Structures are given as structure tokens and as C-alpha cells.
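Student:
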Ligand code: PYC
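Numbering (the working numbering), first residue to last: 42 to 360.
1) Rounded to the nearest angstrom, how far is the Cβ of residue 84 from that of residue 95, given a contact under 8 Å?
2) Regarding residue 329 and ligand 1, is the C-beta to nearest heavy atom distance less than 7 Å?
3) From the DSSP output, in three-state form, read off residue 147 for me.
4) Please report how far the alpha carbon of residue 77 lies from the alpha carbon of residue 343, in whole angstroms.
5) Are the beta-carbon atoms of residue 109 and residue 65 separated by less than 8 Å?
6) The alpha helix (DSSP H) spanning residue 244 covers which residue range?
7) Run the Cβ filter for me: residues under 5 Å from any heavy atom of ligand 1, listed in the order they occur in the chain.
8) For residue 345, does the count of other Cβ atoms within 10 angstroms reach 16, so buried, or fall short, so exposed?
9) Just to check my reading of the structure: residue 310 and residue 317 have Cβ atoms closer than 8 Å, yes? What is that Cβ distance to the nearest angstrom?
10) Mind checking who residue 56 pairs with in its DSSP beta bridge?
11) From the DSSP output, in three-state form, read off residue 192 for me.
12) Bridge partners of residue 184, per DSSP?
13) In angstroms with no decimal places, state the Cα-to-Cα distance between residue 273 and residue 349.
14) Taking only runs of the alpha helix (DSSP H) that begin and end inside the stretch 56-140, which ones reach a length of at least 4 residues, in chain order?
15) Are residue 134 and residue 287 closer than 8 Å when you measure CB to CB?
16) Closest to residue 189 by C-alpha separation, out of 118, 201, 312, 208, would be which residue?
17) Taking residue 339 as the reference, give the member of 87, 70, 144 with the closest Cα.
18) Under the three-state reduction of DSSP, which class applies to residue 219: helix, strand or coil?
19) In whole angstroms, what is the alpha-carbon distance linking residue 126 and residue 107?
20) Compare the Cα-Cα distances from residue 131 to each of 179, 276, 290, 61 and report the closest residue.
21) Rounded to whole angstroms, what is the Cα-Cα separation between residue 269 and residue 139?
22) Indicate the three-state DSSP secondary structure (helix, strand or coil) for residue 315 in the structure shown.
23) Using alpha carbons as the reference points, say which of 178, 160, 147 lies closest to residue 172.
24) How far does the alpha helix (DSSP H) with residue 277 in it extend, from its first residue to its last?
25) Go to residue 291, then tell me how far its alpha helix (DSSP H) extends in each direction, as first and last residue.
26) Can you give me the start and stop residues for the beta strand (DSSP E) that residue 350 sits inside?
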């Protein structure tokens, strides 16, 4: 962090991707150590967690913000490394965040239309920026870990869903007891939090015992040309305002495993806010690579100030 007067200063560019905010840190944060992006993420967690909190939490942010720290790349053909984080910790990958990073790099004059590669803690992804500002990411490969998992969720009832990887771990289920509309967000948060609690209690995990920290409900679309609407609980208590890039990736893997989506076939996923991603699968060496296309807009740029005397220097998060 750069000292300026008494306060330290962290430079940021804010954007939103289909409604979901991303805050890219462009300066003032010490470079995390490590030869891989996973090591750099672990170093951030060990030594800089107060900075994560201060950047995304109130009073400088809020629980829906996903932060993105840019680092030098770890792979020879990549433009940058990126570690995504939110109000409760670190994300493996972030689809909406990657689209926000690409538009931020364009805003800063560091890239123009074309393709770049970005290194993340879960692998290298690529992103193509079109001249009209649309961004298509090619994510890490997605797959289904466990299909048709039945759980009894206290206060909700019997729920059947799939555990799938799309760069983060998801539990995906069709749900019609509460309509997926903004006026029912409070109820949808309660349902998804109970599902996640039950997965934890029942020790239902992703590969290698990883926590399934995202829950994704699906319902019928509300607009022509759209295939499905979702509601996504992110790690913590915030919901995704976009259709969730990694969640849409996991959905593609589920649809493909069920024989409901062919490689190359388009899937339009609508979010709880009505924004959409268009997505499809590509097959590379036996792996299913999700492509997710959406739009981001830069909403602000500036610096966050951290006064050493400020009792809320490292942010505040309620229960
Ligand atoms: O777009 O992948 C995503 C994402 C994950 C958490 C919030 N957004």
C-alpha cells in the first residue's frame, strides 16, 4: 500500500457485469508471493486478509462486490494473473469478474479488442474482447461430480440436485416452491442458505472434500429467447446479480451430462435481475470447456483510503 499523508491508498476501477459488481485493484496492494496463482492466493489469505476485507466490505464496499487483484502472469502467454475475492474469502475463478477485468484493462488502455489469457488459482482462462465491448470467456473445464443428490433440507423439504464444478463448486437444483423474482429474494436467500447448511452437515462436498459454497436454483425463463432463469447464492450471504459465469459453466456441464445440451449448442441463462449470459460448450482433449459471453460497464475509478486510526479500516461485516 502506498502511504499518502497518514492514510494508505489502494487504487481501484469499479465495473458491473450484467448487474454484478467487480472491483479491480490496480495499484497500492503489495504483490503476493508465489510461483503459482494458488500460492499467491494463499499468501494473500495468510498476510493480506485485512486488505481483502477493507476493499470489499462496508464502509468502502458491500457484500455483493467481488474484488480482483491483478498480478504479473505465471504462464508465458498470459497477460496477467488475477485472484478473485469477496466478503468472506477467495474464489477459484469468477466469470462475471473476468468479464469485468477485461473491460477494466480496456478502460486503462492496456488492451484492445482481441484475445487475452489470464492466470487464476484454478487454471488459465482466455477472454475475447469484441469491438462492440462484448466479452466471451473460455473458462476452465467444467464437470459434474455427483448427479441426483437427494437431501432433506429442514424447513424446505426434499431437494434433489447435482454437484458440479465450473471454476467454483455448485449445487444446482430446479426449484419451483418460490418464484425466482426480485420481490422474493429474501426467501430465496433463506432457502439457498438452508440447502448449503444441509450440504455441509451431510458432508456433501466437491472433489477432494472442497466445500460446495455456491447454490444455484433454476426456474422457467421470463423473456423470449432465454432458456432458463437462475438465482445464485454466493459464498457468504450475497446473491449474484448476474447469471453467474462459473454457475452457468456448471449448468452447461449438467445439461451435457443429461444429454440435454450438445457441444456448440447455445444456452441463454437469465439472472434474478433479468440480465443474461449466452453460453456454450467446446470439447478440448476430452474436457468440456464452457464459453460465457456477456457485457460489463466501468462505473467508477479512484482510490480507497485507509487511515491507521480508522476503527473500520479493515471493514465491517454483519453476521
Ligand atoms: O460470475 O462466476 C461468477 C461469480 C461467482 C461469484 C459471483 N460471480
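Ideal Cβ positions, reconstructed from N, Cα and C, are used throughout, including at glycine.
Here the structure is a predicted model, which is why all the values come from computation and not from measurement.
Tutor: The short version:
1) Actually they do not touch by this definition, with Cβ atoms about 17 Å apart.
2) False, no ligand heavy atom lies under 7 Å from that Cβ.
3) The answer is helix: DSSP assigns residue 147 an H, G or I state.
4) So the alpha carbons of these two residues sit roughly 29 Å apart.
5) Yes, they are a contact pair.
6) From DSSP, residue 244 is part of no alpha helix (DSSP H); its letter is neither H nor E.
7) Those residues that bring their Cβ nearer than 5 Å to a heavy atom of ligand 1 are 135, 136, 137, 275, 281, 285, 286, 287.
8) By the 10 Å Cβ count, residue 345 comes out buried.
9) Their Cβ separation, rounded to whole angstroms, is 6 Å, which keeps residue 310 and residue 317 in contact under 8 Å.
10) In the DSSP output, where bridge partners are listed per residue, residue 56 has 63, 339.
11) In this structure, residue 192 counts as strand in the three-state DSSP scheme.
12) Looking at the DSSP assignment, residue 184 forms a beta bridge with 206.
13) Rounded to the nearest whole angstrom, the CA to CA distance from residue 273 to residue 349 is 36 Å.
14) Listed in chain order, they are 78-88, 90-97.
15) In contact: residue 134 and residue 287 (Cβ atoms closer than 8 Å).
16) It is 201.
17) Closest in alpha carbon position to residue 339, among 87, 70, 144, is 144.
18) For residue 219, the three-state secondary structure derived from DSSP is coil.
19) When rounded, the separation of the alpha-carbon atoms in residue 126 and residue 107 is 6 Å.
20) Residue 276 holds the alpha-carbon nearest to the alpha-carbon of residue 131 among 179, 276, 290, 61.
21) Spanning the two alpha carbons is a distance of roughly 22 Å.
22) It is coil, neither helix nor strand.
23) In terms of CA proximity to residue 172, 147 leads the group 178, 160, 147.
24) Neither: residue 277 is in no alpha helix (DSSP H) and is coded neither H nor E.
25) Counting along the chain, the alpha helix (DSSP H) containing residue 291 begins and ends at 286-298.
26) Per DSSP, residue 350 lies in no beta strand (DSSP E) segment and is marked neither H nor E.
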